[in-house]
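What follows is one structure encoded as structure tokens, with my remarks underneath.
Residue numbers (this note's numbering): 10 to 570.
Structure, rendered in structure tokens:
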């Protein structure tokens, strides 16, 4: 058993490596000049990290879940061609863009590399390489400490020999995301993806089971960040444009200034784009939003816990406020009262009647927002009604949000009794340097009920746009097709659209790389988006409108000099 941490450091690569070795931290990856991840035994005392002077911030890796749900509804599914409007491209004699020269990175459950939709007409694979993080027994490049890299040559050999043994997608969400982005449609031409000329980088994320609840699979943010590093490295070697499709997400957050992704300098360069689903928490009950006043004695927030193993709760303020917190068990036991301390003090205790242990950590200011974050970890939590008790310590604004883990990772019965569906954008989709996509339901001509909503940091509109994301047909495991729903489906459509747009822009005589910055591409999507008369735009549900590929191409053509 082990756990992992995300580290922000200052100093040279040699210095941080030496520090890790001196601290008996043998398993680590240096991801860039500011960011590292470490993997340590479950008994590791994280207080040791406070004593390392060149570590400026650390946090425990967080569970992440897929933003795609397989729906098994092929008879009523919608094709990618209809959902993305790609007939405008492929039946237009004046447009030749199909995504060629653009790589799309899929970071999810892996891929069925033998599916005909990922095999070119000459019998070679569309996949540049696969990093299977779950693979044991074979090492990768020394920069990556676990898993196996599967090269294009190995995949091509396996295709010829019909060899399925290299790696498998046991869940199918990675395969369907990849197919929606750029599947060729060899098995069924009606089911081809968006950018059929694009290539793929695939990471099969390491799977963790039973973190919160028996039978539930999650991923970890430390492995996800390492996957980002891998995608960047491979794209640099290929010297091609890169779109990273974020089809997994952390818990939502209401107030955000930056994320660990911003430590990767390459992600800010033109021709490198991150697209993320907004999250699937629009109709769940994992978010509580409230306001506490300076003269208020206390405020109790009630939540219900169902049958599950562990639980994590996160509280965020929206300003320089400090809130003192206690937790009350169903039997009426009180935890320690958590108050602000300039040290990274970790409160540990046990609710004796429930036999539930807890850890609480108060971070102020939290690196990603500059405000307060309180993290509560509950192990062997028992069902019942639990209470979070808040007391004002220093209040100017008073607004706060509390989050449970993503609903797909916890019991259906674990919920806030008075939830709020706004401010449920998943963590990595919350900043301006990401193109954030909500899900639209073409069947009902309305927002998909599960699509997460903004705002973020009060003033920032998220999502940026919405795209079809309900029962979209794509390649599935075991060389089949299936349907999927979720904002990860919507982001996959948009990744394919962006691959076409990038190639289209590069074909213009006036092309400069400056036209491929994320902000520029996002603006084109916003300008081209369909805006329904009955709504005001932008708004916290649909952003700037509904994906419209043909109108976006027209807007680009009108703005090219």
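All C-beta atoms in this analysis are idealised placements derived from N, C-alpha and C, irrespective of residue type, glycine included.
Closest by C-alpha distance to residue 362, out of 344, 349, 372, 549, is 344. As the crow flies, the alpha-carbon of residue 505 is around 8 angstroms from that of residue 189. A straight-line Cα-Cα distance of about 53 angstroms links residue 64 and residue 197. Taking a C-beta distance under 8 angstroms as the contact criterion, residue 502 and residue 92 qualify as a contact pair. Taking 8 angstroms as the upper bound for CB-CB distance, residue 204 and residue 108 are in contact here, some 3 angstroms apart. Counting along the chain, residue 564 sits inside no beta strand (DSSP E); it lies in the alpha helix (DSSP H) bounded by residues 558-568.
Collapsing the DSSP output to three states places residue 117 in a strand. In this structure, the straight-line span from the alpha carbon of residue 250 to that of residue 552 is close to 26 angstroms.
Residue pairing by DSSP places residue 333 opposite 400 in a beta bridge.
Secondary structure of residue 537 (DSSP, three-state): helix. The bridge partners DSSP lists for residue 368 are 357, 386. When the five nearest sequence neighbours on each side are left out, the beta carbons in the same chain lying within less than 8 angstroms of the beta carbon of residue 128 are those of 134, 135, 168, 193, 195, in order along the chain. With a threshold of 16 other beta carbon atoms within 10 Å, residue 177 meets it and is buried.
Apart from sequence neighbours up to five positions away, the residues of its chain that approach residue 73 with a beta-carbon distance below 7 angstroms are 227, 228, 229, 230, 233, 257, 258, 259, ordered along the chain. Secondary structure in the region 237-279: the beta strand (DSSP E) runs of 3 residues or longer, each lying completely within the stretch, are 250-255 in chain order.
By the criterion of a C-beta distance shorter than 6 angstroms, residue 214 is surrounded in its chain by 142, 228, 232, once the five residues flanking it on both sides are discounted. Here the alpha carbon of residue 465 sits roughly 34 angstroms from the alpha carbon of residue 82. Taking a C-beta distance under 8 angstroms as the contact criterion, residue 269 and residue 44 qualify as a contact pair. The alpha-carbon of residue 547 is positioned some 20 angstroms away from that of residue 436. In this structure, DSSP gives residue 339 a state outside helix and strand, which the three-state scheme calls coil. CA-CA distance, residue 248 to residue 508, rounds to 15 angstroms. Distance check between residue 80 and each of 490, 34, 398, 304 places 490 closest, using alpha-carbon atoms only. By the C-beta density criterion, residue 325 is buried, having at least 16 other C-beta atoms within 10 angstroms.
Assignment of residue 469 by DSSP, reduced to helix, strand and coil, places it in the strand class. Using a C-beta cut-off of 8 angstroms, the region 31-48 makes no contact with the region 157-167, since fewer than three inter-stretch Cβ pairs fall below that distance. By the criterion of a C-beta distance shorter than 6 angstroms, residue 448 is surrounded in its chain by 457, 460, 478, 496, 499, once the five residues flanking it on both sides are discounted.
By the neighbour-count criterion, in which 16 or more other beta carbons inside 10 Å mark a residue as buried, residue 166 falls on the exposed side. 42 is the residue among 42, 540, 337 whose C-alpha sits nearest the C-alpha of residue 274.
The C-alpha of residue 442 is placed about 33 angstroms away from the C-alpha of residue 354. When only Cα atoms are considered, residue 304 and residue 406 end up about 13 angstroms apart. Its chain contains 79, 485, 486 as the residues whose beta carbon lies nearer than 6 angstroms to that of residue 181, once the 5 sequence neighbours on both sides are disregarded; these appear in chain order.
CA-CA distance, residue 28 to residue 96, rounds to 56 angstroms. Taking residue 492 as the centre and dropping the five residues before and after it, the same chain places the C-beta of 80, 82, 83, 86, 480, 482 closer than 6 angstroms to its C-beta, in chain order. Counting along the chain, the unbroken beta strand (DSSP E) around residue 229 starts and ends at 226-229.
Comparing alpha-carbon positions, the option among 319, 346, 408, 331 lying closest to residue 364 turns out to be 319. Annotation for residue 490: the continuous beta strand (DSSP E) segment containing it runs 489-494.
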